[in-house]
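These protein sequences, in sequence, are chains A and B. Under the numbering used here, the first residue of the first sequence is numbered 8, with each subsequent residue one higher. Under the numbering used here, the first residue of the second sequence is numbered 8, with each subsequent residue one higher.
There are 2 protein chains.
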Amino acid sequence: MKLYYGPLSGHSHRARLFLSLLGLDYEPIEINIRAGDNKTEQFLDLNRFGEVPVLDDDGVVVPDSNAILVYLAKKFGGEDWSPDDPVAAASVQRWLSVAAGKVAYGPCAARLVTVFGAKLNAEEAIDRSHALLRVLENELNDRTWIAGTDKPTIADVALYSYIDRAPEGNVDLSAYANVRAWLRRVEALPRFFPFRKTKAGLEVEA
Amino acid sequence: MKLYYGPLSGHSHRARLFLSLLGLDYEPIEINIRAGDNKTEQFLDLNRFGEVPVLDDDGVVVPDSNAILVYLAKKFGGEDWSPDDPVAAASVQRWLSVAAGKVAYGPCAARLVTVFGAKLNAEEAIDRSHALLRVLENELNDRTWIAGTDKPTIADVALYSYIDRAPEGNVDLSAYANVRAWLRRVEALPRFFPFRKTKAGLEVEA
Numbered sequence: 008m009k010l011y012y013g014p015l016s017g018h019s020h021r022a023r024l025f026l027s028l029l030g031l032d033y034e035p036i037e038i039n040i041r042a043g044d045n046k047t048e049q050f051l052d053l054n055r056f057g058e059v060p061v062l063d064d065d066g067v068v069v070p071d072s073n074a075i076l077v078y079l080a081k082k083f084g085g086e087d088w089s090p091d092d093p094v095a096a097a098s099v100q101r102w103l104s105v106a107a108g109k110v111a112y113g114p115c116a117a118r119l120v121t122v123f124g125a126k127l128n129a130e131e132a133i134d135r136s137h138a139l140l141r142v143l144e145n146e147l148n149d150r151t152w153i154a155g156t157d158k159p160t161i162a163d164v165a166l167y168s169y170i171d172r173a174p175e176g177n178v179d180l181s182a183y184a185n186v187r188a189w190l191r192r193v194e195a196l197p198r199f200f201p202f203r204k205t206k207a208g209l210e211v212e213a
Numbered sequence: 008m009k010l011y012y013g014p015l016s017g018h019s020h021r022a023r024l025f026l027s028l029l030g031l032d033y034e035p036i037e038i039n040i041r042a043g044d045n046k047t048e049q050f051l052d053l054n055r056f057g058e059v060p061v062l063d064d065d066g067v068v069v070p071d072s073n074a075i076l077v078y079l080a081k082k083f084g085g086e087d088w089s090p091d092d093p094v095a096a097a098s099v100q101r102w103l104s105v106a107a108g109k110v111a112y113g114p115c116a117a118r119l120v121t122v123f124g125a126k127l128n129a130e131e132a133i134d135r136s137h138a139l140l141r142v143l144e145n146e147l148n149d150r151t152w153i154a155g156t157d158k159p160t161i162a163d164v165a166l167y168s169y170i171d172r173a174p175e176g177n178v179d180l181s182a183y184a185n186v187r188a189w190l191r192r193v194e195a196l197p198r199f200f201p202f203r204k205t206k207a208g209l210e211v212e213a
């Protein structure tokens, strides 16, 4: 199994974290986004969107980080990580949608500005991030894992990376105690794989 | 079963379309977003994000349009609509991610500007829409349904509404013949439920 990834991409970290949690061996292949490695015809054949990560499992090519989580959970992870029951499956999907939407255009976008110099509206992304964090904080009042299950699911894996590194995009997590406690619970899982930190945003002063 | 919906919300249409395709009876409950019905404490108890649609299946509350599709497919739709095989499930998830991300912040956002007067960057949303449509056009070169399956899946349902109404956000579909042919295939499905048109964007001249 090969994973095409970017070392500072939270979407890539999401996939690497889950591969690690499952204890799976794989070959990480670094894609240099600044050098345009993700826009070569060869890479576009793997993912027309030109985005990392992409999983290649012996010729089965899976682009999209959430799709990679689903693929790995269904193939190797058993039902705990991706439940089949309609209510639990819907709850997991709700947070995968949040990871693909409110996270991508919130804390991920805010961090693209500070870490990669993206020309995006930072204020809008930071506002979106806090709107999301307020809901997460409320949801985590009475649950251990975000989908409301007894055990962690791919929803927790999908949300972790960009929420943890939100301060790099100038999104302050100090008001969100439940969210920070949940991040620590993810980090305490066996075989947790950390996301490389950068000195950007609020982290500069750390 | 009740569905809280907004009549001009594509996310709501996505859920109504699938309820109709499955031939399910339900009570549609209109939420007036302009009047702030989605920000009442009563509605926020159903969905802290204050967004439609929300499904209430005899007390089981499911917010998020993609999550509603997953719930309905798993409970009523059988494996055709939401396959369990790891490869097909990942392919469906990839496009659910696109629906929650590139569609929501592309054609959906562009239409929010013209139909609802949202203060968003229309040019950015239109550019994102065409980037997405170019990929969809390419993917649909050699497939009938977007996830590459023999039959339509919830991925097709999730993408349909905002792609079909993209011209209302000034996103011109004329360059995307494969995409338009795919829209017509969705509309030809038994029990198809149409999305109300508005006279906004390019549709003004229609």
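Heads up, the beta-carbon is just placed ideally off N, CA and C, and yes, glycines get one too.
What residues in the region 54-70 of chain A have a beta carbon less than 8 Å from any beta carbon of chain B?
Across the region 54-70 of chain A, CB contacts with chain B closer than 8 Å involve Arg-55, Phe-56, Val-67, Val-69 and Pro-70, in sequence order along the chain.
Let me confirm a value: Lys-81 of chain B is counted as buried when at least 16 other C-beta atoms fall within 10 Å, else exposed. Which label applies?
If you number the second sequence from 1, residue 81 of chain B lands on position 74. Under this definition Lys-81 of chain B is a buried residue.
Range covered by the beta strand (DSSP E) that runs through Leu-62 of chain B
Position 55 of the second sequence, counted from the first residue, corresponds to residue 62 of chain B. That run of the beta strand (DSSP E) goes 61-64.
Per-residue DSSP class, three states only, for Lys-158 of chain A:
As a first step, residue 158 of chain A must be located in the first sequence, where it is residue number 151. Here Lys-158 of chain A sits in coil by DSSP.
What is the C-beta distance between Pro-14 of chain B and Glu-37 of chain B, in whole angstroms, given that I count them as a contact (C-beta under 8 Å)?
For the purposes of this step, residue 14 of chain B is taken as the residue at position 7 of the second sequence. For the purposes of this step, residue 37 of chain B is taken as the residue at position 30 of the second sequence. With a Cβ gap of about 6 Å, Pro-14 of chain B and Glu-37 of chain B count as contacting.
Put Pro-174 of chain A into one of helix, strand or coil per three-state DSSP.
Position 167 of the first sequence, counted from the first residue, corresponds to residue 174 of chain A. DSSP places Pro-174 of chain A within a helical segment (H, G or I) once states are collapsed to three.
Quick one: what's Pro-35 of chain B bridged to in DSSP?
Reading the second sequence from its first residue, position 28 is the one you call residue 35 of chain B. DSSP lists B:Leu-10 as partners of Pro-35 of chain B.
Using a Cβ-Cβ cut-off of 7 Å, state whether Gly-155 of chain A counts as contacting chain B.
Along the first sequence, read from residue 1 onward, the residue named residue 155 of chain A stands at position 148. Taking Cβ atoms only, chain B never reaches closer than 7 Å to Gly-155 of chain A, which makes this a no.
What span of residues does the beta strand (DSSP E) with Pro-70 of chain A cover, start to end?
Locating residue 70 of chain A in the first sequence gives position 63, counting from the first residue. 67-70 is the span of the beta strand (DSSP E), which, as asked, contains Pro-70 of chain A.
Using a threshold of 7 Å, state whether the C-beta atoms of Asn-39 of chain A and Gly-57 of chain A are closer than that.
Along the first sequence, read from residue 1 onward, the residue named residue 39 of chain A stands at position 32. Along the first sequence, read from residue 1 onward, the residue named residue 57 of chain A stands at position 50. No, they are not a contact pair.
Neighbour list for Pro-35 of chain A in chain B, Cβ cutoff strictly below 9 Å:
Here the question's residue 35 of chain A lines up with position 28 in the first sequence. Per Cβ cutoff of 9 Å: no residues; Pro-35 of chain A is ~19 Å from chain B at best.
Taking contact to mean at least 3 C-beta pairs separated by less than 8 Å, is the region 108-122 of chain B in contact with the region 52-70 of chain B?
Because the criterion of three Cβ pairs below 8 Å is not met, the region 108-122 of chain B and the region 52-70 of chain B do not touch.
Does the beta-carbon distance from Leu-140 of chain A to Tyr-183 of chain A come in below 7 Å?
Numbered from its first residue, the first sequence carries residue 140 of chain A at position 133. Numbered from its first residue, the first sequence carries residue 183 of chain A at position 176. A distance below 7 Å separates the beta carbons of Leu-140 of chain A and Tyr-183 of chain A.
Output yes or no for whether 7 Å exceeds the beta carbon distance between Ile-170 of chain B and Trp-102 of chain B.
Here residue 170 of chain B is taken as the residue at index 163 of the second sequence, counted from 1. Here residue 102 of chain B is taken as the residue at index 95 of the second sequence, counted from 1. In this structure, Trp-102 of chain B does not lie closer than 7 Å to Ile-170 of chain B by Cβ.
Is DSSP giving Glu-144 of chain B helix, strand or coil here?
The residue given as residue 144 of chain B occupies position 137 in the second sequence. It is helical.
Taking only three categories from DSSP, how would you classify Leu-76 of chain B?
For the purposes of this step, residue 76 of chain B is taken as the residue at position 69 of the second sequence. In the structure shown, Leu-76 of chain B adopts helical secondary structure according to DSSP, grouped into three states.
Per DSSP, what kind of secondary structure is Ile-153 of chain B in: helix, strand or coil?
As a first step, residue 153 of chain B must be located in the second sequence, where it is residue number 146. Reduced to three states, the DSSP call for Ile-153 of chain B is coil.
Beta-carbon contacts of Lys-109 of chain B that lie in its chain and below 7 Å, excluding the five residues immediately before and after:
Numbered from its first residue, the second sequence carries residue 109 of chain B at position 102. Cβ neighbours of Lys-109 of chain B beyond the five flanking positions: Arg-135 and Leu-139.
Measure the alpha-carbon distance for Lys-9 of chain B versus Asp-179 of chain B and round it to whole angstroms.
Taking the first residue of the second sequence as 1, we reach residue 9 of chain B at position 2. Taking the first residue of the second sequence as 1, we reach residue 179 of chain B at position 172. A straight-line Cα-Cα distance of about 35 Å links Lys-9 of chain B and Asp-179 of chain B.
Amino acids of chain A, ordered along the chain, whose beta-carbon sits closer than 9 Å to that of Ser-19 of chain B:
Along the second sequence, one-based indexing puts residue 19 of chain B at 12. None at all; the shortest Cβ gap to chain A is about 15 Å.
Start and end residues, alpha helix (DSSP H) containing Phe-202 of chain A
Position 195 of the first sequence, counted from the start, is the residue given in the question as residue 202 of chain A. It is not in any alpha helix (DSSP H) - Phe-202 of chain A carries neither H nor E in the DSSP assignment.
Examine the ligand ZN and report whether any of its heavy atoms sits within less than 6 Å of the Cβ of Ile-40 of chain B.
The ligand ZN is absent from the structure shown, which contains no ligands of any kind.
Would you call the CB atoms of Val-164 of chain B and Phe-50 of chain B closer than 7 Å?
On the second sequence, residue 164 of chain B is found 157 positions in, with the first residue counted as 1. On the second sequence, residue 50 of chain B is found 43 positions in, with the first residue counted as 1. At least 7 Å separates the beta-carbon of Val-164 of chain B from that of Phe-50 of chain B.
Cutoff 7 Å; reference Asp-114 of chain A; Cβ partners in own chain excluding five residues on either side
By 1-based counting over the first sequence, the position of residue 114 of chain A is 107. Contrary to the premise, residue 114 of chain A reads as Pro rather than Asp in this sequence. Residues of the same chain with a CB within less than 7 Å of the CB of Pro-114 of chain A, apart from the 5 flanking positions on each side, are Ser-136, Tyr-169, Ile-170, Ala-173, Gly-176 and Val-178 in chain order.
Residues in its own chain within less than 8 Å of Asn-148 of chain A by CB, not counting five upstream and five downstream?
The count along the first sequence starts at 1 and reaches residue 148 of chain A at position 141. Beyond the five residues adjoining it in sequence on each side, Asn-148 of chain A comes within less than 8 Å, by CB distance, of Asn-185 in the same chain, given in chain order.
Residues in the same chain with beta-carbon distance under 8 Å from Gly-30 of chain B, minus the five sequence neighbours each way, listed in chain order, please.
Walking along the second sequence from the start, residue 30 of chain B turns up at place 23. Result list for Gly-30 of chain B: Arg-198, in chain order.
Return helix, strand or coil for Trp-102 of chain B, following the three-state DSSP convention.
What you label residue 102 of chain B is simply residue 95 of the second sequence in a count that begins at 1. In this structure, Trp-102 of chain B counts as helix in the three-state DSSP scheme.
Need the endpoints of the alpha helix (DSSP H) that Asn-185 of chain A sits in, please.
Against the first sequence, residue 185 of chain A aligns to sequence position 178. For Asn-185 of chain A, the enclosing alpha helix (DSSP H) covers residues 184-194.
Mark Arg-21 of chain B as exposed unless 16 or more other C-beta atoms lie within 10 angstroms of its C-beta, in which case mark it buried.
Numbered from 1 along the second sequence, position 14 holds the residue referred to as residue 21 of chain B. Burial is judged here by how many other beta carbons sit within 10 angstroms of a residue's own beta carbon; Arg-21 of chain B has at least 16 and is buried.
Taking contact to mean at least 3 C-beta pairs separated by less than 8 Å, is the region 66-76 of chain B in contact with the region 87-103 of chain A?
Between the region 66-76 of chain B and the region 87-103 of chain A, the count of Cβ pairs shorter than 8 Å is three or higher; the stretches touch.
Look at the alpha carbon of Val-122 of chain B and the alpha carbon of Thr-205 of chain B, and state the distance between them as a whole number of angstroms.
In the second sequence, residue 122 of chain B corresponds to position 115, counting from 1. In the second sequence, residue 205 of chain B corresponds to position 198, counting from 1. Looking at the two C-alpha atoms, the distance is approximately 8 Å.
Is there at least one Cβ from chain B nearer than 7 Å to Gln-100 of chain A's Cβ?
Against the first sequence, residue 100 of chain A aligns to sequence position 93. Judged by the 7 Å Cβ criterion, Gln-100 of chain A is in contact with chain B.
Is the beta carbon of Val-142 of chain B less than 7 Å from the beta carbon of Ala-97 of chain A?
Residue 142 of chain B sits at position 135 when you count from the first residue of the second sequence. Residue 97 of chain A sits at position 90 when you count from the first residue of the first sequence. Result no, Cβ atoms of Val-142 of chain B and Ala-97 of chain A do not sit closer than 7 Å.
For Gly-85 of chain A, which three-state DSSP category applies?
The residue labelled residue 85 of chain A in the question sits at position 78 within the first sequence. Under the three-state reduction of DSSP, Gly-85 of chain A is assigned to coil, being neither helix nor strand.
Under 7 Å between the Cβ atoms of Tyr-12 of chain B and Pro-93 of chain A?
Walking along the second sequence from the start, residue 12 of chain B turns up at place 5. Walking along the first sequence from the start, residue 93 of chain A turns up at place 86. Result no, Cβ atoms of Tyr-12 of chain B and Pro-93 of chain A do not sit closer than 7 Å.
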